[in-house]
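*Asks:* Residue numbers (the working numbering): -5 to 386.
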Ligand SMILES: Cc1cc2nc3c(=O)[nH]c(=O)nc-3n(C[C@H](O)[C@H](O)[C@H](O)COP(=O)(O)OP(=O)(O)OC[C@H]3O[C@@H](n4cnc5c(N)ncnc54)[C@H](O)[C@@H]3O)c2cc1C
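1. Let me check you understand the geometry: is the CB of residue 163 closer than 7 Å to at least one non-hydrogen atom of ligand 1?
2. Three Cβ pairs or more, each shorter than 8 Å: is that satisfied between the segment 236 to 250 and the segment 182 to 198?
3. Going by alpha carbons, who is nearest to residue 192 out of 208, 207, 173, 3?
4. Ends of the beta strand (DSSP E) at residue 218?
5. What residue does the alpha helix (DSSP H) around residue 106 start on, and which one ends it?
6. What are the uninterrupted segments assigned as beta strand (DSSP E) that are 3 or more residues long and contained completely in the segment 176 to 262, given in chain order?
7. Strictly by DSSP, which residues pair up with residue 173?
8. Determine the DSSP secondary structure at residue 141, reduced to helix, strand or coil.
9. Using the beta-carbon count (16 or more within 10 Å), is residue 7 buried or exposed?
10. Nearer than 7 Å: is that true of the beta carbon of residue 369 relative to any heavy atom of ligand 1?
11. So, at 7 Å on beta carbons, what are the nonlocal neighbours of residue 50 in its own chain, with the 5 sequence-adjacent residues on each side left out?
12. Give the straight-line distance between the Cα atoms of residue 78 and residue 3, rounded to the nearest whole angstrom.
13. Just reading off the beta strand (DSSP E) that residue 156 is part of, what are its end residues?
14. From the DSSP output, which residues share a beta bridge with residue 147?
15. Work out the CA separation of residue -2 and residue 306 for me, nearest whole Å.
16. Would DSSP call residue 275 helix, strand or coil?
17. Put residue 134 into one of helix, strand or coil per three-state DSSP.
18. Just curious, the alpha helix (DSSP H) that residue 343 is in, first and last residue?
19. Relative to the C-alpha of residue 223, which residue among 190, 128, 163, 230 is closest?
20. Between residue 128 and residue 118, is the Cβ-Cβ spacing less than 8 Å?
21. Return the first residue and the last residue of the alpha helix (DSSP H) that residue 3 is part of.
22. Within its chain, find whatever has a CB closer than 7 Å to the CB of residue 349; leave out the 5 residues flanking it on each side and keep chain order.
23. Classify residue 202 as buried or exposed, calling it buried when 16 or more other Cβ atoms lie within 10 Å of its own Cβ.
24. Measuring alpha carbon to alpha carbon, tell me which of 314, 379, 312, 321 ends up nearest residue 299.
25. Can you grab the Cα-Cα spacing for the pair residue 294 / residue 140, in whole Å?
26. Is it the case that the CB of residue 365 approaches a heavy atom of ligand 1 more closely than 7 Å?
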């Protein structure tokens, strides 16, 4: 793969809207990605392996629990810093960002928000340091966009619960030490349970042959009469709203992360368009290529402003789920379109692993599907503005 020459576009001086702390956090993440991710990511993706050697570095740049208070091992940062870290990591690779998102927003967040003090103390510091890796089990083979229909369930068996069922498409599952699993009680209410690797009847087979997020491990979670201690149930919230709150936090990170992937594609295509000559001049001098590049920087700038505003709303505790949903949908769609156009600007070179664009493009096909598909997010906005439910 070519050396990482990335230069971040900032067409509207959005840096002026950031604090010194935001810029410091971003620059630490950016430098780390250039140093530790860019040189190895293409090979990891080609081999379809999650590069475990970067776990320590992810922890050091604050990617595990950026907004979790420091007393639990988190970085204690605000939402914009969290977003910027996700942006920088996804500039390197969406699969690596997925690992960080799951650890922070889908594992640490529910334990912090809905867990007991004992659970927080037991798990959060280890998750923040990367000593423990976690995964989040919501999706099932027959329940993706409609997780409320889940059939995974647990029964009271005296001093423990018995958990049965299966989850599918679970990021980090093949190597996770713990899983936050959403399952129905005998009364049909959804609860979160912390399931630990090694519990009898619990297995995590890997999903192979993905063309997308190849540097992120994906798998199943299978529960065959797993005995889960009662103290592993998250006590402070139940119902579908609990996992949906986790998704809000992860979707917010994705809205920022997608900007990173888009910026990398744009920056690569811009540099290539200025260097590559055909018909005696740089291809960037042709109007058709300029149109693509001009539209890219316009869309990136709009997405940056949307994410920045949403970050402020989150900092003030005012962002609605529907607002987060809109940013996730818009920014991922924007990044996917930019990746496709950028790939065309590189011609044949665009399909090779010499450049990051094709990897970003394939990764984004998962990002546009997970954490609520593009269609589902359209329905969320539709419901929000009309008050009419078009889901069923
Ligand atoms: C690489 C990867 C990693 C993932 N990681 C995780 C994870 O860590 N944890 C986890 O729990 N899940 C994870 N997922 C699962 C992901 O969230 C689901 O794939 C997603 O929610 C969609 O579910 P589905 O694939 O079953 O598609 P379906 O729900 O079957 O949808 C298929 C199509 O139908 C459309 N559709 C569905 N309902 C409607 C409707 N009401 N109206 C109109 N159209 C509709 C969808 O938009 C989609 O186009 C991951 C997925 C992938 C691909």
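Ideal Cβ positions, reconstructed from N, Cα and C, are used throughout, including at glycine.
All values reported here derive from a predicted model rather than from experimental measurement.
*Replies:* Let me spell this out:
1. As a working mapping, residue 163 is identified with position 169 in the chain shown. The answer is yes for residue 163.
2. Judged by pairs of C-beta atoms under 8 Å, the segment 236 to 250 touches the segment 182 to 198, as three or more such pairs exist.
3. Here the question's residue 192 lines up with position 198 in the chain shown. The option with the nearest alpha carbon to residue 192 is 173.
4. Within the chain shown, the letter at position 224 stands for residue 218. Residues 212 to 223.
5. Along the chain shown, one-based indexing puts residue 106 at 112. Following the DSSP letters along the chain, one finds residue 106 inside the alpha helix (DSSP H) bounded by residues 103 to 108.
6. With a minimum length of 3 residues, the continuous beta strand (DSSP E) runs that stay inside the segment 176 to 262 are 184 to 190, 212 to 223.
7. Within the chain shown, the letter at position 179 stands for residue 173. Answer is 129, 189.
8. If you number the chain shown from 1, residue 141 lands on position 147. Under the three-state reduction of DSSP output, residue 141 falls in the helix class.
9. For this step, residue 7 is matched to residue 13 along the chain shown. When all chains shown are included, residue 7 counts as exposed.
10. Residue 369 sits at position 375 when you count from the first residue of the chain shown. Answer for residue 369: yes, Cβ within range of ligand 1.
11. Within the chain shown, the letter at position 56 stands for residue 50. These residues qualify, in order along the chain: 124.
12. Residue 78 sits at position 84 when you count from the first residue of the chain shown. Residue 3 sits at position 9 when you count from the first residue of the chain shown. Approximately 14 Å, taken between the alpha carbons.
13. The count along the chain shown starts at 1 and reaches residue 156 at position 162. DSSP places residue 156 in the uninterrupted beta strand (DSSP E) bounded by 154 to 165.
14. Taking the first residue of the chain shown as 1, we reach residue 147 at position 153. According to DSSP, residue 147 bridges with 158, 178.
15. On the chain shown, position 312 is the one that residue 306 refers to. On the chain shown, position 4 is the one that residue -2 refers to. Their backbone Cα atoms lie some 31 Å apart in a straight line.
16. Taking the first residue of the chain shown as 1, we reach residue 275 at position 281. DSSP, read as helix, strand or coil, puts residue 275 in strand.
17. By 1-based counting over the chain shown, the position of residue 134 is 140. Look at residue 134 here: in three-state DSSP terms it is strand.
18. By 1-based counting over the chain shown, the position of residue 343 is 349. Element bounds for residue 343: n/a, residue is neither H nor E.
19. As a first step, residue 223 is located in the chain shown; it is residue number 229 there, counting from the start. The shortest C-alpha to C-alpha distance from residue 223 to any of 190, 128, 163, 230 is the one to 190.
20. Taking the chain shown and counting its residues from 1, one reaches residue 128 at position 134. Taking the chain shown and counting its residues from 1, one reaches residue 118 at position 124. Their beta carbons are not under 8 Å apart, which means residue 128 does not touch residue 118 by this criterion.
21. Reading the chain shown from its first residue, position 9 is the one you call residue 3. Under the DSSP assignment, residue 3 falls outside any alpha helix (DSSP H); it carries neither an H nor an E label.
22. Position 355 of the chain shown holds residue 349. Excluding positions up to five away in sequence, the list reads -4, 262, 340, 343.
23. In the chain shown, residue 202 corresponds to position 208, counting from 1. Residue 202 comes out exposed.
24. Position 305 of the chain shown holds residue 299. Residue 321 is the option with its Cα nearest to residue 299.
25. As a working note, residue 294 is residue 300 in the chain shown. As a working note, residue 140 is residue 146 in the chain shown. Using only the alpha carbons, I get a separation of about 31 Å.
26. Here the question's residue 365 lines up with position 371 in the chain shown. True, at least one ligand heavy atom lies under 7 Å from that Cβ.
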